[in-house]
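Structure, as structure tokens:
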Amino acid sequence: MITLYHHPVSPFCITIRMILCYAKAEHRVVDLPYSDRRVIIEKTGGNYYKIPIIEDGKTIVWDRTELGQEIARYLDDKFRLDLFPPALEGIQSILSRYIESDVEGVAFKLNDIHYESWLPDVHDRTMWLRHKERKFGSGCISQWHANQGSFHEELEECLKPLEQMLSVRPFLIDESMRFVDCDLFGVIGNLMFSGHNAIPTRFSYLHRWHSRVATRCGTSQSAKT
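When the count follows the working numbering, it moves up by one through the sequence shown with no breaks and lands on 272 for the last residue.
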């Protein structure tokens, strides 16, 4: 059995969990507290502290490179999911960088401003806020909350090219689900995690794509879990 160590709100963790579901892999999920990464450090022998990681028997896999697709590629090889066909390596590299930079860069802020609704533990909440303010500056959450209107506009601009791509095919690149579909599903999952955000109504093809991917993976992203 594969064990996924994760934070349920993380877009990258959502991506890996949906790949496991898509593969119909026997697995269990361990939710880690935001304030304690000791399990990650122990499992990786002190070589890593981020999430997610997976444990498959005696094998520990984590994302070691900037683009961070090692876990996804491991699962793709193990279960023969065809998420990374060689002919699509170039376009997937370009598109995944766009999804994880432009789209995720604004989507996570729209979820983070509602952090109190999905972080009930006061210690976790405080340590999470400390991490955010060390990275983005003191008062960042309040600033993001005040700017959420412009963030929604920016998100729509980022999603527009993806909507256009999905208007002519069922998935982002071709007729089959590929890694970039999983990648975007994770970012959308993070956006909607609090239950306060959704895919903009006018993006009908993106809505259909999301339902199609969720059905294939047997997952739901209507609200936080």
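We put the beta carbon where it would ideally sit given N, CA and C, even for glycine.
Strand pairing of residue i, partner residues [DSSP]
| i | result |
| --- | --- |
| ILE100 | TYR52, TRP109 |
| ASP78 | HIS53 |
Nearest to residue i (by Cα), restricted to the options the options
| i | options | result |
| --- | --- | --- |
| ILE107 | GLU113, ILE118, CYS205 | ILE118 |
| ALA154 | SER140, ASP171, CYS205 | CYS205 |
| LEU253 | GLU203, PHE240, CYS264, GLY265 | GLU203 |
| ASP129 | PRO80, SER223, ARG255 | SER223 |
| TYR162 | SER258, ARG249, GLY242, GLY137 | GLY242 |
| GLY152 | ARG249, GLU201, GLN139 | GLU201 |
| GLY265 | PHE183, MET48, LEU67, ASN158 | LEU67 |
| PRO247 | LEU209, ARG259, VAL227, SER148 | LEU209 |
Under the three-state DSSP convention, the category residue i falls into
| i | result |
| --- | --- |
| ILE160 | coil |
| LYS71 | coil |
| ALA270 | Any reading at ALA270 must be qualified, since the residue scores a pLDDT of 33, below 50, and its modelled position is unreliable; the value itself is stated next. Three-state DSSP puts ALA270 in coil, outside helix and strand. |
| TYR145 | helix |
| ARG84 | coil |
| GLY137 | helix |
| MET224 | coil |
| SER251 | helix |
| LEU231 | helix |
Nonlocal neighbours in the same chain, by C-beta distance under 7 Å from residue i, ignoring five residues either side
| i | result |
| --- | --- |
| LEU135 | ILE220, ARG225 |
| ARG120 | PHE131 |
Chain-order list of residues whose beta-carbon lies under 6 Å from that of residue i (same chain, five-residue window excluded)
| i | result |
| --- | --- |
| ARG311 | The structure shown has nothing for residue 311, since the chain only spans 48 to 272. |
| HIS212 | A quick correction: the sequence has Met, not His, at residue 212. LEU219, listed in sequence order. |
| ARG111 | GLU117 |
| LEU231 | ILE146 |
| VAL150 | CYS205, VAL234 |
Euclidean distance between Cα positions of residue i and residue j
| i | j | result |
| --- | --- | --- |
| SER197 | LYS71 | 39 Å |
| ARG84 | HIS53 | 10 Å |
| HIS192 | GLU73 | 39 Å |
| ASP103 | ASN194 | 42 Å |
| SER164 | ARG177 | 17 Å |
| ARG216 | GLY92 | 44 Å |
| ASP78 | CYS60 | 10 Å |
| ARG64 | ILE98 | 12 Å |
| PRO80 | TYR69 | 26 Å |
| SER189 | LYS125 | 44 Å |
| CYS187 | PHE250 | 29 Å |
Neighbourhood of residue i by C-beta, 8 Å cutoff - its chain only, sequence neighbours within 5 removed
| i | result |
| --- | --- |
| ASP285 | It is not possible to answer for residue 285, since the shown part of the chain is limited to 48 through 272. |
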